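S.K.: Position 15 (the sequence shown) corresponds to 15 in UniProt numbering; numbering is contiguous.
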Amino acid sequence: MPKPAARWIRTASARTSVMSSKPMRKWGGAWGSTLKVCEFRSILGVTFFKRRQQEDSAMKTTTKAALGALLMTSAGAANAVVPLVDVDVTAGYWDADASGTLQSGGDPIDVENDLGYDSEGHNNFSIRFAHPVPVIPNLRLRYNDIEHKGTGSVNTTFEGNSYGRDVKSRADLTHYDYTAFYTAPIPVVTLDLGLNVKHFDGEVTLKEQGGNTDTVEVDEFLPMGHVRADVDLPLTGLGAGAELNYISYDGDSATDVEGYISYNADPVYIQGGYRQFDVDVDASGDLNVDTELSGPFVRLGVGF
Numbered sequence: 001m002p003k004p005a006a007r008w009i010r011t012a013s014a015r016t017s018v019m020s021s022k023p024m025r026k027w028g029g030a031w032g033s034t035l036k037v038c039e040f041r042s043i044l045g046v047t048f049f050k051r052r053q054q055e056d057s058a059m060k061t062t063t064k065a066a067l068g069a070l071l072m073t074s075a076g077a078a079n080a081v082v083p084l085v086d087v088d089v090t091a092g093y094w095d096a097d098a099s100g101t102l103q104s105g106g107d108p109i110d111v112e113n114d115l116g117y118d119s120e121g122h123n124n125f126s127i128r129f130a131h132p133v134p135v136i137p138n139l140r141l142r143y144n145d146i147e148h149k150g151t152g153s154v155n156t157t158f159e160g161n162s163y164g165r166d167v168k169s170r171a172d173l174t175h176y177d178y179t180a181f182y183t184a185p186i187p188v189v190t191l192d193l194g195l196n197v198k199h200f201d202g203e204v205t206l207k208e209q210g211g212n213t214d215t216v217e218v219d220e221f222l223p224m225g226h227v228r229a230d231v232d233l234p235l236t237g238l239g240a241g242a243e244l245n246y247i248s249y250d251g252d253s254a255t256d257v258e259g260y261i262s263y264n265a266d267p268v269y270i271q272g273g274y275r276q277f278d279v280d281v282d283a284s285g286d287l288n289v290d291t292e293l294s295g296p297f298v299r300l301g302v303g304f
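What follows is the structure, given as structure tokens:
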């Protein structure tokens, strides 16, 4: 190793220097032999150290060359693949009415009549990757910001606590959509088939005036079948489409469906339509969410 070798050389060199400073006539016999051995070992140490330096330098050069080749290969592969990928980015606004019930241990609480929920505006953003490689699925990621608030009056039990006064509540059903899909090679219609997973990351909160406050987290994954179809009218920029995500299993069910018309002024396009989202699931703890959100939406997109 370089550091031990260097220490050995410095020690040997120091000894040699001290010995050489004395008159040679005093270092005959065994002492002369010792001096020669030290000088010989010093030469060997320097040679060994230089050889290790050369080997380390060669190793670093080889490593840098291999890393450079790897980076060049990766860059070449990315440069070859990325131009074949179509990317769409969208931002949307959904004006949705809420209906249905929330329940946690007591009687169902009506979100309209008991909690005073009305229509709310919700934002959503998505990015979609599509490519021509048959084996690898296309991907779409979407963020749905869904939250309703209201003030009402309930007379029931929620999370083990009794409520009998005016309450303020918030139902946060914000979730992420992860969609992997394949595009069927059929004429006229663009047909996507795949799997959608909804990841809910929200909560339901009830706050009684001068009384109880309870919050239940909604942290659930829902796998759903995914179907989407689009059709364009040639030379007009106009088109229409629909999307369905659906699951029903072991008492839980969810349906997310939308239909829209679109206008495309490449690379920008706009969509307007109607979306309905029904969910009936047993979420965290004893919470049951059985609600429907529905209303018109508008979406602006850019394709690359």
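For each residue, glycine too, the CB sits at the ideal point set by N, CA and C. Note that the structure is predicted; figures quoted are calculated from it, not measured.
When the distance is taken between beta carbons, is Ala180 closer than 9 Å to Leu191?
M.R.: No, Cβ-Cβ distance for Leu191 and Ala180 is not below 9 Å.
S.K.: Report the residue from Val135, His175, Asn264 and Val216 whose alpha carbon sits nearest the alpha carbon of Gly194.
M.R.: Val135
S.K.: Give the DSSP-derived three-state secondary structure of Leu195 in the structure shown.
M.R.: strand
S.K.: Would you kindly report the start and end of the unbroken beta strand (DSSP E) that includes Pro296?
M.R.: Leu287 to Gly303
S.K.: Would you say the segment 230–238 touches the segment 213–222, given that touching needs at least three Cβ pairs under 8 Å?
M.R.: no
S.K.: Using three-state DSSP, classify Leu139 as helix, strand or coil.
M.R.: If DSSP states are grouped into helix, strand and coil, Leu139 belongs with the strands.
S.K.: Just the Cα atoms here: how many angstroms apart are Asn264 and Val197?
M.R.: 28 Å
S.K.: How close, in whole Å, do the beta carbons of Met174 and Glu217 come, if the pair is a contact with beta carbons under 8 Å?
M.R.: Per the sequence shown, the amino acid found at residue 174 is Thr instead of Met. 12 Å between Cβ atoms; not a contact.
S.K.: Closest by CA to Asn161, which one among Ala98, Ser294, Phe129 and Asp107?
M.R.: Asp107
S.K.: Spatial neighbours of Tyr274 within its chain, please: CB distance less than 8 Å, with the 5 preceding and 5 following residues excluded, ordered by chain position.
M.R.: Glu258, Gly259, Tyr260, Ser294, Gly295, Pro296 and Phe297
S.K.: Might you give, ordered along the chain, the residues of its own chain that have their beta carbon closer than 7 Å to the beta carbon of Asp252, omitting 5 neighbours on each side?
M.R.: Asp280, Val281 and Asp282
S.K.: According to DSSP, is Leu222 helix, strand or coil?
M.R.: strand
S.K.: Could you give the distance in angstroms between the alpha-carbon of Ser153 and the alpha-carbon of Tyr117?
M.R.: 12 Å
S.K.: Measure the alpha-carbon distance for Pro137 versus Val87 and round it to whole angstroms.
M.R.: Near 14 Å, if we compare the C-alpha coordinates of Val87 and Pro137.
S.K.: Where do the ends of the beta strand (DSSP E) carrying Thr156 lie?
M.R.: Per DSSP, Thr156 belongs to the beta strand (DSSP E) from Thr156 to Phe158.
S.K.: Thr255 lies in the beta strand (DSSP E); which residues open and close that run?
M.R.: Asp252 to Ala265
S.K.: Can you have a look at Asn245 and say buried or exposed, based on whether 16 or more other CB atoms are within 10 angstroms of its CB?
M.R.: buried
S.K.: On the DSSP bridge assignment, give the partners of Asn113 in chain order.
M.R.: According to DSSP, which records beta bridges pairwise, Asn113 is partnered with nothing at all.
S.K.: In the DSSP assignment, what residue or residues form a beta bridge with Leu206?
M.R.: Ser169 and Asp214
S.K.: How many Å lie between Ser248 and Val231 at the Cα?
M.R.: 28 Å
S.K.: To the nearest angstrom, report how far apart Gly68 and Arg128 are at their CA atoms.
M.R.: With a pLDDT of 40 at Gly68, under the threshold of 50, the modelled position of this residue cannot be trusted; read the value that follows with caution. In a straight line, the C-alpha of Gly68 is about 32 Å away from that of Arg128.
S.K.: For Ser169 versus Leu287, is the C-beta distance shorter than 9 Å?
M.R.: Cβ distance not < 9 Å, so Ser169 and Leu287 don't count as in contact.
S.K.: Going by DSSP in three states, Leu102 sits in which element: helix, strand or coil?
M.R.: strand
S.K.: Determine the burial state of Gln209: buried for a count of at least 16 other Cβ atoms within 10 Å of its Cβ, exposed for fewer.
M.R.: exposed
S.K.: Which one of Asp290, Gly164 and Ala242 has the shortest CA to CA distance from Thr213?
M.R.: The option with the nearest alpha carbon to Thr213 is Gly164.
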